[in-house]
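Residue numbers (this note's numbering): 1 to 123.
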């Protein structure tokens, strides 16, 4: 897709990649291996088309998994649904950032605060 976009005249600096996402525990290993292969090809083979930033829409994926959205009345042993949703969003965002994503899209302000703090600590 990156090649086609540049052939159409889109400047590489105006392109970001969304290679996909999956909530932690829901096939995340596939996302991690895909990100690994993209990053390895980008750097080992000096592939300019794969050196484009990766943006991962974490909030969309997390907002659809049962563990994050199940009502407390249905699953009382799981605890507060808001806390579960935040925890799932933070754990998924942390994993994709460590795996090579350049940015994440989050929904909950508490998740944003936590991830922002994590990035500051790692910088």
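Even for Gly, the Cβ is constructed at its ideal location relative to N, Cα and C.
Bridge partner(s) assigned by DSSP for residue i
i	result
residue 103	55
residue 17	54
Backbone CA spacing between residue i and residue j [nearest angstrom]
i	j	result
residue 39	residue 27	19 angstroms
residue 104	residue 56	5 angstroms
residue 7	residue 16	15 angstroms
residue 2	residue 13	11 angstroms
residue 74	residue 10	49 angstroms
residue 36	residue 5	23 angstroms
residue 50	residue 112	27 angstroms
residue 52	residue 25	27 angstroms
residue 45	residue 123	27 angstroms
residue 98	residue 30	15 angstroms
residue 77	residue 108	22 angstroms
Proximity of residue i and residue j at Cβ, strictly below 8 angstroms
i	j	result
residue 58	residue 92	yes
residue 20	residue 54	no
residue 121	residue 106	no
residue 23	residue 62	yes
C-beta neighbour in chain C for residue i, strict 8 angstroms
i	result
residue 23	Structure shown: chain C not included; a single protein chain is present.
Q.
Does the segment 83-91 come into contact with the segment 65-72, if we say contact requires no fewer than three beta-carbon pairs (one atom in each stretch) closer than 8 angstroms?
A. The count of Cβ pairs closer than 8 angstroms, one atom from the segment 83-91 and one from the segment 65-72, reaches three, so the stretches are in contact.
Q: Write down every uninterrupted run of the alpha helix (DSSP H) in the segment 22-52 whose length is 4 residues or greater and which is fully enclosed by it, in chain order.
A: List check, alpha helix (DSSP H) in window: 28-44.
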